[in-house]
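**Q** Numbering (UniProt numbering), first residue to last: 1 to 286. Every residue gets a Cβ at the ideal spot worked out from N, C-alpha and C, and that includes glycine. It should be emphasised that the depicted structure is a prediction, and the values quoted were computed from it without experimental measurement.
Written out as structure tokens, the structure is:
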């Protein structure tokens with residue numbers, strides 16, 4: 001499987017130029033505009049990419065799915081959104097993974113509560129996201145994996161998960177939830193927090209229950225996730241003899257992989273992406 005960096009540089013430059021001209025900005029959540037010139041647009045040439053409907057207990061869930069256009073039985077990666085929903089960046093992450101030979105699918109996990117992509121700012125988004133129960137999210141991720149299995153497009157015996165920010169926490173939770181998961185990669189998700197009825201547990205509470213190894217990719221200069229909480233998690237993983245581990249990128253801010261935002265740090269993002277691929281290969285998501 002070719003690395004993402006091998007994609008034709010001309011196509012990436014064209015993608016950035018289109019964004020600068022405003023032709024692609026419509027795909028991004030309202031709260032994140034204007035998008036940065038560093039935004040990458042991954043081509044869908046050679047892919048089957050677009051929205052699908054996933055049957056779930058409480059009604060269908062829409063999901064963005066990308067996979068190679070030819071073949072079947074691809075290794076599967078569940079992609080878990082940030083608080084901004086399954087907007088253009090998360091869709092692009094799916095295409096990047098598909099270009100590597102995966103079936104990547106991102107279910108829209110807030111839709112029952114509302115459409116966060118049309119909300120104007122984080123202040124409007126956070127109250128809605130707070131109403132999303134972890135149990136609902138776990139069930140929808142299970143339903144998404146079941147849809148992939150039924151479709152025949154992907155091989156869920158080689159199932160991985162990766163998530164960003166809000167989705168980083170969910171990645172840890174899902175690794176404690178699904179015994180069939182092979183591996184997870186959590187990008188700067190909260191590790192500790194105040195329990196509530198909808199969000200009763202945090203990753204720090206679940207170390208002994210992890211059913212798959214998780215690689216945590218965290219920022220050394222994160223204004224939302226205290227360094228102390230990362231160190232606590234690292235120490236707890238070590239004390240438990242867990243195969244999971246955390247990599248910290250010194251000086252990087254929260255959201256360092258999000259190329260559409262000012263927090264993007266190309267070197268840290270590329271290094272994290274490389275580590276994610278290696279983690280999946282090592283743990284059977286290949």
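Cα-Cα, which of 163, 40, 89 and 69 is closest to residue 98?
**A** Position 98 of the chain shown, counted from the start, is the residue given in the question as residue 98. With distances taken between Cα atoms, residue 98 lies closest to 69.
**Q** Which ranges does the beta strand (DSSP E) cover as unbroken runs of at least 3 residues, wholly within the segment 60–107, from first to last along the chain?
**A** Segments of the beta strand (DSSP E) lying fully in the segment 60–107: 61–68, 74–80 and 103–107.
**Q** Just checking my contact of residue 207 with residue 242 at CB under 8 Å: how many whole Å lie between their CB atoms?
**A** Numbered from 1 along the chain shown, position 207 holds the residue referred to as residue 207. Numbered from 1 along the chain shown, position 242 holds the residue referred to as residue 242. Contact flag correct, Cβ pair sits at about 6 Å.
**Q** Using DSSP with H/G/I as helix, E/B as strand and the rest coil, what is residue 246?
**A** In the chain shown, counting from the first residue as 1, residue 246 sits at position 246. Residue 246: strand per DSSP, three-state reduction.
**Q** With DSSP as the reference, please indicate the residues paired to residue 155 in a beta bridge.
**A** Locating residue 155 in the chain shown gives position 155, counting from the first residue. Answer is 75.
**Q** Using a Cβ-Cβ cutoff of less than 6 Å, which residues in the same chain neighbour residue 285 once the five nearest sequence positions on both sides are dropped?
**A** Here the question's residue 285 lines up with position 285 in the chain shown. Excluding residues within five positions, the ones whose Cβ falls inside 6 Å are 75, 158, 160, 182 and 183.
**Q** Using the three-state DSSP reduction, which class does residue 239 fall into: helix, strand or coil?
**A** As a working note, residue 239 is residue 239 in the chain shown. DSSP places residue 239 in helix when its eight states are reduced to three.
**Q** Could you check the C-alpha separation between residue 83 and residue 116 for me, to the nearest Å?
**A** Working through the chain shown from its first residue, we reach residue 83 at position 83. Working through the chain shown from its first residue, we reach residue 116 at position 116. The alpha-carbon atoms of residue 83 and residue 116 are separated by roughly 8 Å.
**Q** So, for residue 164: in the same chain, excluding its five sequence neighbours on each side, which residues have a beta-carbon less than 6 Å away from its beta-carbon?
**A** Along the chain shown, read from residue 1 onward, the residue named residue 164 stands at position 164. Excluding positions up to five away in sequence, the list reads 82 and 187.
**Q** For residue 223, count the other beta carbons within 10 Å of its own beta carbon; 16 or more makes it buried, fewer makes it exposed. Which is it?
**A** The residue you call residue 223 lines up with position 223 of the chain shown. So residue 223 counts as exposed.
**Q** I believe residue 153 touches residue 67 by the beta-carbon criterion, under 8 Å. Please report the beta-carbon distance rounded to the nearest angstrom.
**A** Taking the chain shown and counting its residues from 1, the one referred to as residue 153 is at position 153. Taking the chain shown and counting its residues from 1, the one referred to as residue 67 is at position 67. So it is a contact: roughly 6 Å between Cβ atoms.
**Q** Would you kindly report the start and end of the unbroken beta strand (DSSP E) that includes residue 219?
**A** As a first step, residue 219 is located in the chain shown; it is residue number 219 there, counting from the start. Where residue 219 is concerned, the enclosing beta strand (DSSP E) stretches over 214–221.
**Q** Where does residue 280 sit, in a helix, a strand or coil, going by DSSP?
**A** If you number the chain shown from 1, residue 280 lands on position 280. Reduced to three states, the DSSP call for residue 280 is helix.
**Q** Exposed or buried, residue 244, counting other C-beta atoms within 10 Å across all chains shown (16 or more means buried)?
**A** As a position in the chain shown, residue 244 is number 244, starting the count at 1. Burial call: buried.
**Q** Would you list the residues sitting across from residue 131 in a DSSP beta bridge?
**A** As a position in the chain shown, residue 131 is number 131, starting the count at 1. None, per the DSSP bridge assignment.
**Q** Taking all protein chains shown into account, decide if residue 166 is buried (16 or more other Cβ within 10 angstroms of its Cβ) or exposed.
**A** Along the chain shown, read from residue 1 onward, the residue named residue 166 stands at position 166. By the neighbour-count rule (16 or more Cβ atoms within 10 Å), residue 166 is buried.
**Q** Report the CB separation of residue 106 from residue 49 in whole angstroms; it is logged as a contact under 8 Å.
**A** The residue given as residue 106 occupies position 106 in the chain shown. The residue given as residue 49 occupies position 49 in the chain shown. At roughly 11 Å, the Cβ-Cβ gap does not stay under 8 Å, so residue 106 and residue 49 are not in contact.
**Q** Rank 120, 210 and 170 by C-alpha distance to the C-alpha of residue 236 and give the top, closest one.
**A** Start at 1 with the first residue of the chain shown, and residue 236 comes out as number 236. When only C-alpha atoms are compared, the closest one is 210.
**Q** Comparing alpha-carbon positions, which option in 71, 120 and 86 lies nearest residue 31?
**A** Mapped onto the chain shown, residue 31 falls at position 31. When each option's Cα is compared against that of residue 31, the closest is 120.
**Q** Shortest alpha-carbon distance to residue 33 belongs to which of 215, 148 and 122?
**A** Start at 1 with the first residue of the chain shown, and residue 33 comes out as number 33. It is 122.
**Q** Under 8 Å by Cβ, that's how I've got residue 252 and residue 220 pegged, so tell me the actual separation to the nearest angstrom.
**A** The residue given as residue 252 occupies position 252 in the chain shown. The residue given as residue 220 occupies position 220 in the chain shown. Sure, about 6 Å apart at Cβ, within 8 Å.
**Q** Is it buried or exposed for residue 168, if we count other Cβ within 10 angstroms and need 16 for buried?
**A** On the chain shown, position 168 is the one that residue 168 refers to. With 16 or more Cβ atoms within 10 Å of its Cβ, residue 168 is classed as buried.
**Q** If distances are taken between C-alpha atoms only, which option among 71, 72, 53 and 100 comes closest to residue 43?
**A** Taking the chain shown and counting its residues from 1, one reaches residue 43 at position 43. Closest by alpha carbon: 100.
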